[in-house]
Amino acid sequence: MEVVRQKKKVEYVVKGGKRVLYRGTDVHAACTVFLEAAKDPTWFKARIQLLLNGQELAVFLKRYHS
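Just so it is clear: in the sequence shown, position 11 is 10 by numbering that gives the first Met the number 0, and no numbers are missing.
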């Protein structure tokens with residue numbers, strides 16, 4: 000009897016507040032979007048999340064720039 004292992008589906012999601020900035024399987028693209036969003040003043044007042052299959056991997060909290 001041969002055991003066939005299926006690859007688990009991997010989905011990365013980057014959220015800025017309630018808005019989805021990226022959804023896909025490319026970890027490099029997800030990290031790039033996540034880090035670029037953290038530098039963009041548009042997203043300073045939003046919580047920026049990097050999720051892997053719905054689990055939070057990293058987060059930038061809201062920041063208030065004066």
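Glycine residues also receive a C-beta, built at the ideal position from the N, C-alpha and C atoms. None of the values given here were measured: they were computed from a predicted structure.
Alpha helix (DSSP H) containing residue i: first to last residue?
{"i": "Lys38", "result": "Val26 to Lys38"}
For the beta strand (DSSP E) containing residue i, list its first residue and its last residue.
{"i": "Lys14", "result": "Tyr11 to Gly15"}
{"i": "Gln54", "result": "Gln54 to Phe59"}
{"i": "Tyr63", "result": "Counting along the chain, Tyr63 falls outside any beta strand (DSSP E), and DSSP gives it neither H nor E."}
{"i": "Val2", "result": "Premise fails: Val2 is in no beta strand (DSSP E) and is neither H nor E."}
To the nearest angstrom, report how far apart residue i and residue j are at their CA atoms.
{"i": "Thr41", "j": "Thr24", "result": "25 Å"}
{"i": "Val58", "j": "Val2", "result": "38 Å"}
{"i": "Leu20", "j": "Lys14", "result": "5 Å"}
{"i": "Arg62", "j": "Leu34", "result": "15 Å"}
{"i": "Ala36", "j": "Ala28", "result": "12 Å"}
{"i": "Val12", "j": "Arg4", "result": "25 Å"}
Name the one or two DSSP bridge partners that residue i has.
{"i": "Arg46", "result": "In the DSSP output, where bridge partners are listed per residue, Arg46 has none listed."}
{"i": "Leu51", "result": "Tyr11 and Gln54"}
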